[in-house]
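**Q** Sharing a structure below in structure tokens format, with a few things to ask.
There are 2 protein chains.
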Amino acid sequence: MSNTTGMANLNLTGDDGTVPTEDEVNPWEVHASSATGVDYDKLIKRFGSSPIDSALLSKFETALGQPPHFLLRRGIVFSHRDMDQILALHSQGKPFFLYTGRGPSSEAMHMGHVIPFLFTKWLQEAFNVPLVIQMTDDEKFLWKDISLETARSYTTENAKHNRPRLRPERTFIFSDLDYIGSSPEFYRNMCRVQKAVTFNQAKGIFGFTESDCIGKISFPAIQAAPSFSSSFPQIFNSRSDIPCLIPCAIDQDPYFRMTRDVAPRIGCPKPALLHSTFFPALQGCQTKMSASDANSSVFLTDTPKAVKDKINKYAFSGGGATVEEHKKNGGNCDIDVSYQYLRFFLDDDQRLEKIRQDYSSGELLTGYLKKELIELLQAFLKSHQEKRKAVTNEVVKQFMTPRKLKFDY
Amino acid sequence: MSNTTGMANLNLTGDDGTVPTEDEVNPWEVHASSATGVDYDKLIKRFGSSPIDSALLSKFETALGQPPHFLLRRGIVFSHRDMDQILALHSQGKPFFLYTGRGPSSEAMHMGHVIPFLFTKWLQEAFNVPLVIQMTDDEKFLWKDISLETARSYTTENAKHNRPRLRPERTFIFSDLDYIGSSPEFYRNMCRVQKAVTFNQAKGIFGFTESDCIGKISFPAIQAAPSFSSSFPQIFNSRSDIPCLIPCAIDQDPYFRMTRDVAPRIGCPKPALLHSTFFPALQGCQTKMSASDANSSVFLTDTPKAVKDKINKYAFSGGGATVEEHKKNGGNCDIDVSYQYLRFFLDDDQRLEKIRQDYSSGELLTGYLKKELIELLQAFLKSHQEKRKAVTNEVVKQFMTPRKLKFDY
């Protein structure tokens, strides 16, 4: 997928360096017109999706017999399409599957990339369903100045970071560059979608121009195809009627608006969606997160010292200019990056709320939030890096081999 | 391919029924502005190809130690790109391969469809080289109002008609709908071509509009990919440097002009080409050959009686209105369909020349030419239909299984 299917990078300036007057959210660029970031309520209206409200959260709890994931409760996963139908299906004991993806644009992965997989892992375990993960290395080849071989190698390296979290018996990770050439049924679904979408429609949805290569123009069909269970006959016993739920960042919605439009015309169920917000850069919502700037994010390969140095040096503070001022006016959680990161990673609601109150009141200093975050990320990365080390090419190959998954319907 | 890769149907009127003032030759429409048919000399200039002249025919004879095929000698295969290089390679004992194709638009195949395979069979045997035949069932699905399943079934039926002529140990017939999903290397070459061609370029070459579906727009890459030996690693031991020779009707040239433009940019040799003229309808160059009009052509499934009736009733005559007039002024071979068909099917040069002289002088009547043609086609179809009967689905499957071919380099 174009950024990550999960939390995409946030870019506050336009192509020409100016600040646009309206939020621009599409698979290749995310511009926020305001320093407080993207206006997600407006986005819901513009995209025509539905907010995740307390009624839906209750349905989650009823269906699962457990509280929904904190990313749902905290409004980080904030919007959906037809999630109520998926919950109803689940309550009736009917099957569905999960589909998410990643565009492997380099070997490096940062904390923002890992969140969608943490959330997807939770969905997979809570609902006990199969999961397919598309690595769009063909897309990266088409969009970037890299060779096919390089794009394919990023897939393997990225998959190694995903693997520790996912159950092999229910997870199929695939490279487009490998799987499309291994699955006539996947290719046939690509053809079906490609026949149902005109250049004009693709232009309207994705902003393609006549100077774009024909590979880009037909690519949306490739991201659409995994929404249909018939693209994976080895998993779904050649059934074409198993519904799909796609957890993704809101910037990927254009692909799936198109997919939902096409689905009934090719005799397939429309995929349901769960949309998440974007993961901020260390420098805050005002600056661009850049894979080429090692200081804009914490990477999965960072050492404990690097984590500490980066957070201390770069994490934008919502605190006062002086201790006195801070004690008097309190800190601003809405723009404090350490607090925002804690929202993504600290699963203890009560503790998070206490931190929010004490920071807002001025009792806690930014330094405390940073310390809390550093310890949390260091522990997370220690565990991640240990598990990552154990992931050999052989293990990745196992996940990426087209095969039957556990699917008992 | 869009019509047949061999001799395409000839269509003399424009979409609006008017006669255009310039020949229009592209993969989907062939319009001739004149009643004598397409001006092939002009086409060579417009397309920038080279005429097949006596010097090239001599090189053929030298390289092969036998006269070139009568379709070459008679100027039916009339134009080329880089054929001299292929002949030079062959003389040096270096390898190349043949690539041709067919767009399986229905189960029915007529005499025009069989000629490219007769010619290709001659090339295969004369040069002793591997041959790949692309059945573009995906293209037919994209362009026509048919299902994928129907398009795929036409491939099998059409392949049954090709098979009797071709050597299994040197021939791979493939359905796009099957093979693309079975060959990562083929898909990767598709991606490479799709990255190298913009919508603007595809529009310029093929006349696509913004209302065309994105499948059509990216399809040219699929017809380009078999020009590269790396698309068939199982045949060419994963070599990417084996040159390709494509015998096709001149209307397919736009695909391969594009392919030749892209080839050096993706590190592949440019394919060489042999272009043929179009096969006329029974009603002559003034009328459109239509698959839905059983009377416009002789079909491979026609009975001896049907052949006789069609030729006698429909084959346009270049003879005089009365016997007296004919004896006085002679017949016109250029517009006499029976004579034109004999040029395509009668391999005896001396006999053909004698017929031409005697018909032109008025000595022979049209009835004689028709009788000659009827006997020739009846014998051809008798033999073809017998061989066709022996071709089971199993035999077709053998030809269509990706496998090693005889290729000793």
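Heads up: the sequence lines are chains A and B, in that order.
In terms of the working numbering, the first sequence has 42 at position 42, counting the first letter as 1, and numbering is strictly consecutive.
Counting the second sequence from 1 gives a position; the working numbering is that position plus 1000.
For each residue, glycine too, the CB sits at the ideal point set by N, CA and C.
Since the model is a prediction, treat every value here as computed from it, not as a measurement.
Per DSSP, which one or two residues make a beta bridge with CYS1244 of chain B?
**A** B:PHE1097
**Q** Under DSSP, the beta strand (DSSP E) around HIS1080 of chain B begins and ends at which residues?
**A** 1077 to 1081
**Q** Is the shortest distance between the beta-carbon of GLU210 of chain A and the beta-carbons of chain B less than 9 Å?
**A** yes
**Q** How would you call ARG1102 of chain B, buried or exposed, if buried means at least 16 neighbouring beta carbons within 10 angstroms?
**A** With 16 or more other Cβ atoms within 10 Å, it is buried.
**Q** Only counting runs of 4 or more residues, tell me where the alpha helix (DSSP H) segments fall wholly within the stretch 127 to 210 of chain A, in order along the chain.
**A** The stretch 127 to 210 of chain A is shown to contain whole alpha helix (DSSP H) runs of 4 or more residues at 137 to 143, 148 to 162, 176 to 179, 184 to 196 and 199 to 206, in chain order.
**Q** Cutting at 8 Å between CB atoms, please list the residues of its own chain near LYS1404 of chain B, excluding the five before and the five after it.
**A** GLN1234 and ILE1235
**Q** What is the DSSP secondary structure of SER1050 of chain B, counted as helix, strand or coil?
**A** Under the three-state reduction of DSSP output, SER1050 of chain B falls in the strand class.
**Q** Verify the CB distance criterion: does ILE1235 of chain B have a CB-CB separation below 9 Å to chain A?
**A** no
**Q** Leaving out five residues before and five after VAL1077 of chain B in sequence, what residues of the same chain have Cβ atoms less than 6 Å from its Cβ?
**A** LEU1071, LEU1274 and SER1276
**Q** Do you know whose CA, among B:VAL1298, B:GLN1283, B:GLY1331 and B:ALA1108, lies nearest TYR1314 of chain B's CA?
**A** B:GLN1283
**Q** Under 7 Å Cβ to Cβ from ILE1242 of chain B, same chain only, skipping five residues before and after it: list those, please.
**A** The residues are PRO1095, PHE1096, PHE1097, SER1229 and PHE1236.
**Q** Could you tell me how far apart the beta carbons of PHE299 of chain A and HIS161 of chain A are, in whole angstroms, since I believe they sit closer than 8 Å?
**A** About 10 Å separates the two Cβ atoms, so there is no contact after all.
**Q** Can you name the start and end residues of the beta strand (DSSP E) that HIS275 of chain A belongs to?
**A** Segment 272 to 276, the beta strand (DSSP E) holding HIS275 of chain A.
**Q** For the alpha helix (DSSP H) that contains PRO1220 of chain B, what are its first and last residues?
**A** 1220 to 1224
**Q** Nearest to LEU413 of chain A by alpha carbon, out of A:PRO67, A:SER49 and A:ALA88?
**A** Because chain A in this structure spans residues 1 to 409, residue 413 of chain A falls outside the shown range and cannot be described.
**Q** Please identify, using Cβ separations under 9 Å, the residues of the stretch 1181 to 1207 of chain B that lie next to chain A, in order along the chain.
**A** GLY1181, SER1182, SER1183, PRO1184, GLU1185, PHE1186, TYR1187, ARG1188, MET1190, CYS1191, ARG1192, VAL1193, GLN1194, LYS1195, ALA1196, VAL1197, THR1198, PHE1199, ASN1200, GLN1201, ALA1202 and LYS1203
**Q** Have a look at PRO247 of chain A and LEU1148 of chain B and give me their C-alpha separation to the nearest angstrom.
**A** 30 Å
**Q** Between the stretch 379 to 388 of chain A and the stretch 134 to 151 of chain A, are three or more C-beta pairs nearer than 8 Å?
**A** No: the two stretches stay apart, fewer than three of their Cβ pairs being nearer than 8 Å.
**Q** Compare the Cα-Cα distances from ASP137 of chain A to each of A:TYR179, A:ARG46 and A:ASP349 and report the closest residue.
**A** A:TYR179
**Q** Do SER218 of chain A and SER1175 of chain B come within 9 Å of each other at the CB atom, strictly closer than that value?
**A** no
**Q** Give me the Cα-Cα distance between THR1209 of chain B and THR1198 of chain B, rounded to the nearest whole angstrom.
**A** 13 Å
**Q** With C-beta atoms as the reference, is PRO1226 of chain B less than 9 Å away from GLN1134 of chain B?
**A** yes
**Q** Quick check: what's the CA-CA separation for TYR154 of chain A versus LYS216 of chain A?
**A** 19 Å
**Q** Would a C-beta distance cut-off of 9 Å place ASP1251 of chain B and PHE1279 of chain B closer than the cut-off?
**A** no
**Q** Apply the 10 Å Cβ neighbour rule to GLN194 of chain A and answer buried if 16 or more other Cβ atoms are within range, or exposed otherwise.
**A** buried
**Q** Can you tell me whether DSSP reads GLU363 of chain A as helix, strand or coil?
**A** coil
**Q** Please tell me whether SER1002 of chain B has its Cβ less than 9 Å away from any Cβ of chain A.
**A** At SER1002 of chain B, the pLDDT of 45 sits below 50, so the modelled position is not reliable; the number obtained from the coordinates is stated separately. Taking CB atoms only, SER1002 of chain B has no neighbour in chain A less than 9 Å away.
**Q** Would PHE141 of chain A pass as an interface residue toward chain B - the criterion being a Cβ-Cβ separation below 9 Å?
**A** yes
**Q** Count the other CB atoms, across all protein chains shown, that sit within 10 Å of the CB of ARG1260 of chain B; report buried if there are 16 or more and exposed otherwise.
**A** buried
**Q** Closest to GLU29 of chain A by CA distance: which of A:LYS397, A:ASP253, A:PRO271 and A:GLU386 is it?
**A** A:ASP253
**Q** Report the rounded CA-to-CA distance for SER361 of chain A versus LEU369 of chain A, giving the unit in angstroms.
**A** Cα to Cα, the separation comes out at about 14 Å.
**Q** State the start and end residues of the unbroken alpha helix (DSSP H) segment that holds THR259 of chain A.
**A** 253 to 262
**Q** Taking the alpha carbon of ILE311 of chain A as the reference point, which residue from A:LYS328, A:LEU342, A:ASN329 and A:HIS326 has its own alpha carbon closest?
**A** A:LEU342
**Q** Contact criterion: CB-CB distance below 9 Å. Does LEU1012 of chain B meet it with respect to chain A?
**A** For LEU1012 of chain B, the predicted structure reports a pLDDT of 37, less than 50, and the residue's modelled location is therefore unreliable. A value from the coordinates is still provided. It does not; no Cβ of chain A falls within 9 Å.
**Q** Against chain A, which members of the stretch 1212 to 1226 of chain B pass a CB distance test of less than 9 Å?
**A** ASP1212, CYS1213, ILE1214, GLY1215, LYS1216, ILE1217, SER1218, PHE1219, PRO1220 and ALA1221
**Q** Expressed to the nearest angstrom, what Euclidean distance is found between the alpha-carbon atoms of ALA1221 of chain B and ILE205 of chain A?
**A** If you take the alpha carbons of ALA1221 of chain B and ILE205 of chain A, they lie about 23 Å apart.
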